[in-house]
Every structure is written in C-alpha cells, then in structure tokens.
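Asks:
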Amino acid sequence: MQFAKIPDHYAFKNGLIRVASTDKVAHAQLFIGPTGSANLALALAFATYLNCIFPKKTDACGSCFSCASMEKLTHPDLLLVFPKKTSSAIFDSKSDRNYLEAFRDLLKKNPFLSLEEWITAMYFDRKQCQISKKEVSKIIQQLSLKPFMGPYKVVCIWLPEYLHHTAANALLKTLEEPPPSTVFLLVGSNSEKILPTIRSRVQHHVIPPFSEEAIGQMLRNIYSDLDSHRCKEIAFLAQGNLSKAFQLIEQSVGENFDYFSQWIRCCYSGNLIKLVAQSEVFCKLSIEAQKNFFTYALQISRATLLGKFNDPLFQIGLPAEATFIKKFGLNVTINQLKNIITQLIQAYYYVERNGNAKMIYLHMSIQIIDIFSSV
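Plus 12 on top of the position in the sequence shown (first one is 1) and you've got our numbering.
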C-alpha cells in the first residue's frame with residue numbers, strides 16, 4: 013500500500029513521512045477513524061514506507077522487494093492481528109493460516125475494509141468477534157526474533173476494541189516496552205471502547221472521514237464507466253465511508269430518490285393505503301437496502317434543514333434532488349424537519365437490530381404524518 017493510493021489526508025501523510033525520515037518513530041501508535049475511513053490504509057502505507065528499501069521524499073518506491081511483499085501483505089516483518097471467531101461454529105476447524113489468507117484477500121480488494129464485510133465473509137457476527145490472549149501471546153513470541161528484512165518489525169492490530177481483557181493485559185508490558193525496532197500500529201473506529209490502559213500507551217492519530225469530492229474521485233478512478241450522476245449520488249449517500257461507497261456500487265441506489273419522494277408525499281397527504289402497500293415492498297428488501305434508504309432519507313432531510321438556514325452545504329450537486337429539496341423546504345418547518353430526522357434515526361436503529369421492517373416502516377410513517385399535521 014502506498015500513500016499515493018489514498019485520497020485526501022495530504023498533511024497527515026507528509027507528517028508520517030517526516031517522522032519516518034528522522035528515525036523518531038513512536039513505538040506504539042493508534043490510527044482512530046470512523047468506519048470506511050483511511051485509518052487502516054494509512055497504517056499499512058506507513059508500514060510500507062518504514063520498511064521500503066528505496067524510499068522517496070513523498071512515498072515508498074513501490075517497486076522494491078519490500079514494497080512488493082507489502083502489497084501482497086506477505087512481508088515477513090508485518091504481523092497482522094484482527095478479530096476472529098470465538099465460538100465452535102463453522103470456521104473453528106480452519107487454521108490460523110486460513111483466517112490470515114481470507115483476511116489478506118479481503119484487504120487486498122479493499123484496504124478500507126469494514127468489520128461488517130469481514131464478519132459477513134466469515135459467517136459470524138460482532139458478538140463472536142474477539143482478539144484472544146492466545147493470539148497476543150503468539151505475537152509476543154514472534155517479536156522475540158529480530159526483523160527479517162527491513163529495519164522494523166511492524167505489528168498491525170486491526171480493531172483493538174475487540175481485544176479480550178486478558179489479551180489486552182497480556183499486551184500491556186510489550187506495548188509499553190517493545191523489543192528494539194518494533195512498531196505497533198493499532199487501527200480502531202471507537203477509541204472509547206479501547207481499554208484506557210491501552211489508549212494511554214499509544215500516540216493518537218485522529219483520521220477524519222473522506223470528503224464527498226475524495227470519494228467521487230476515487231470512484232471515477234476505479235470505475236471508469238460509472239455514470240457521473242450516479243457517482244455523485246453514491247458519494248453523497250456514503251457519508252464519508254469509502255467502504256460503503258464500494259458496496260453501493262453493487263446496489264441500485266438510483267431508486268432511492270424516487271422511493272423517498274413518493275414516500276414523503278404519501279406521509280404529507282396522509283395516504284395510509286399507499287403507505288401500507290409501500291411497507292409490504294419495504295419489508296422484502298435486504299437489511300442493507302433498508303438501511304441505505306433510511307441513510308438516504310436522513311441525508312435529504314439534513315440537506316433540507318441546511319437549506320432552511322440558507323447554508324451553502326445543502327447544495328449536493330444533483331439536479332433532481334436539489335429541486336426536490338427546495339420545494340420540500342417550502343412546505344415543512346424547521347421543527348418538523350428535526351422531528352422527522354429523529355424518527356428516521358430511530359427507524360434505522362431498529363432495522364439495524366433486526367426489528368420487523370414492516371412494523372418499523374409503518375410506525376415511522378404514521379409518526380411523520382402526525383408531524384406534518386402538527387402546527
């Protein structure tokens with residue numbers, strides 16, 4: 013992974029390069045950023061630069077043996093640690109090598125990997141995820157050996173939030189006083205869920221979400237045949253989450269605007285017959301499609317609210333949506349928009365937790381009818 017392949021974050025990338033060039037690399041660093049941000053990609057690019065044989069002023073060379081093996085994630089001095097399944101279900105019979113190969117394959121396809129993609133690929137859920145004490149003990153044992161190729165042995169711990177408390181305790185001493193030429197790169201999404209004893213021993217880097225422009229540029233570079241309007245729509249819907257943007261490429265997001273505009277008109281007119289029919293269609297969608305609809309509805313509602321305050325951020329660059337937002341804003345008050353957003357957030361929460369989609373959709377619609385009828 014090279015810095016050049018990561019959009020945005022130019023000042024931060026330059027800062028990492030300056031630190032690496034001065035040989036004053038902190039032995040334990042935490043890259044904390046929201047899901048779908050560049051936190052994992054930046055950590056891997058930094059690891060690539062640290063062990064590059066012929067580093068340049070702005071990036072790793074990308075052609076030496078060290079860079080080539082880092083691109084494949086097979087560098088002998090790179091140790092990958094990530095959540096694995098803990099129960100005795102389908103994948104427990106597979107060895108650590110199988111897990112590692114599966115993780116590498118996913119990471120090579122998408123260096124902005126999310127936990128949801130990982131657990132979906134491995135057929136388990138969040139409750140079954142953890143980094144065990146056994147895994148940490150194995151890493152500590154491997155650190156007793158000197159770097160094989162490069163100047164640094166790099167331990168990349170993805171999602172330290174899932175360190176079992178016994179694993180975290182086993183890691184503390186090594187994290188505080190690692191062997192010479194060892195760098196720990198922790199990559200997380202929620203610093204509050206990381207044990208304070210771990211957080212206090214690492215240097216923090218806060219990685220912001222991607223801008224819509226950066227996501228749009230990335231999509232255009234990868235998908236040359238992607239329609240410009242759909243590219244903007246996906247970048248808008250992704251909310252800074254590049255991993256989600258890649259998922260949306262595979263889904264039909266173009267229908268969201270038509271579905272939303274029809275739904276909100278039914279709520280405004282109080283047409284319960286049509287809303288019941290829509291709920292039947294809605295409950296047949298996949299959970300991801302349902303969540304995407306609520307995300308889209310929240311984005312449109314947010315843009316309308318910003319428009320009410322004449323905030324320039326409400327311009328999203330999509331003609332149909334921009335026209336709708338202006339008209340919608342003329343027929344709804346600020347308080348009504350705030351209440352609608354509250355209902356959408358609650359509906360998303362319940363869908364995410366596998367609630368009955370039909371009931372959630374109808375309840376939310378009825379609540380929004382009441383909001384529209386209120387003065």
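Glycine residues also receive a C-beta, built at the ideal position from the N, C-alpha and C atoms.
For M82, count neighbouring Cβ atoms within 10 angstroms of its own Cβ and tell me buried if that reaches 16, exposed if not.
Replies: Buried, since its Cβ has 16 or more Cβ neighbours within 10 Å.
Asks: Let me know if P221 comes out buried or exposed under the rule of 16 or more other beta-carbons within 10 Å of its beta-carbon.
Replies: It is buried - the Cβ of P221 has at least 16 other Cβ atoms within 10 Å.
Asks: Ordered along the chain, which non-local residues of its own chain (more than five positions away) have a Cβ less than 7 Å from that of S377?
Replies: Result list for S377: C279, L287, in chain order.
Asks: Measuring only the C-alpha atoms, how far is I219 from M230?
Replies: Distance between the alpha carbons of I219 and M230 is about 18 Å.
Asks: Taking the DSSP output, what are the residues bridged to H375?
Replies: Answer by DSSP bridge pairing: none, since H375 is not bridged.
Asks: Name the DSSP bridge partner or partners of W170?
Replies: Paired residue(s): V199.
Asks: Which residues does DSSP pair with Q194 in a beta bridge?
Replies: With the sequence shown as reference, residue 194 is identified as Thr, and Gln is not the correct amino acid for it. T194 pairs with K165.
Asks: Taking DSSP as the reference, what is the three-state secondary structure of A40?
Replies: A40 falls in the strand class under three-state DSSP.
Asks: Using CA atoms only, rank isn't needed, just tell me which of V166, H176, A182 is closest to L198.
Replies: Per the Cα distances, V166.
Asks: In the DSSP assignment, what are the bridge partners of K96?
Replies: K96 is bridged to Q142.
Asks: In whole angstroms, what separates the C-alpha of Q358 from that of S281?
Replies: For Q358 and S281, the distance between alpha carbons rounds to 22 Å.
Asks: Step through the CB atoms of chain B and report whether any lies within less than 8 Å of the CB of S81.
Replies: Here there is only one protein chain, and chain B is not present.
Asks: Enumerated in chain order, which unbroken segments of the alpha helix (DSSP H) with a length of 4 residues or greater are wholly contained in the region 111-136?
Replies: Qualifying alpha helix (DSSP H) stretches, in chain order: 127-133.
Asks: Going by CA-CA distance only, name the one from E188, K68, S144, L317 that's closest to V93.
Replies: Cα-wise, what sits closest to V93 is S144.
Asks: With a CB to CB cut of under 8 Å and the five nearest residues on each side skipped, what residues in its chain are close to S223?
Replies: These residues qualify, in order along the chain: D20, G252.
Asks: Using the Cα positions of K74 and L54, report the straight-line distance between them to the nearest angstrom.
Replies: Reading off the sequence shown, one finds Gly at residue 74, where the question assumed Lys. Using only the alpha carbons, I get a separation of about 15 Å.
Asks: I'd like to confirm something about L207: is its beta-carbon nearer than 7 Å to some heavy atom of the ligand ADP, or not?
Replies: Absent from the structure shown: the ligand ADP. Ligands present: none.
Asks: Does the Cβ-Cβ distance between L125 and L118 come in under 8 Å?
Replies: Against a cut-off of 8 Å, the Cβ pair of L118 and L125 comes out as a contact.
Asks: Which residues in the same chain have their Cβ closer than 8 Å to the Cβ of G48, if we skip the five residues on either side of it in sequence?
Replies: Around G48: F124, S126, P221, F222, A250, G252, N253, L254, S255, K256, A257.
Asks: First and last residue of the beta strand (DSSP E) that includes Q215?
Replies: Residues 215-218.
Asks: Looking only at its own chain, which residues have a Cβ that is under 6 Å from the Cβ of Y174, when we skip the five neighbours before and after it?
Replies: Result list for Y174: P95, C141, Q142, I143, in chain order.
Asks: Under a three-way DSSP split, which group does N368 fall into?
Replies: If DSSP states are grouped into helix, strand and coil, N368 belongs with coil.
Asks: With a 10 Å radius around its C-beta and 16 neighbouring C-beta atoms as the bar for buried, classify L342 as buried or exposed.
Replies: By the neighbour-count rule (16 or more Cβ atoms within 10 Å), L342 is not buried but exposed.
Asks: Can Q153 and A72 be called in contact, C-beta distance under 8 Å?
Replies: No, the Cβ-Cβ distance between Q153 and A72 is not below 8 Å.
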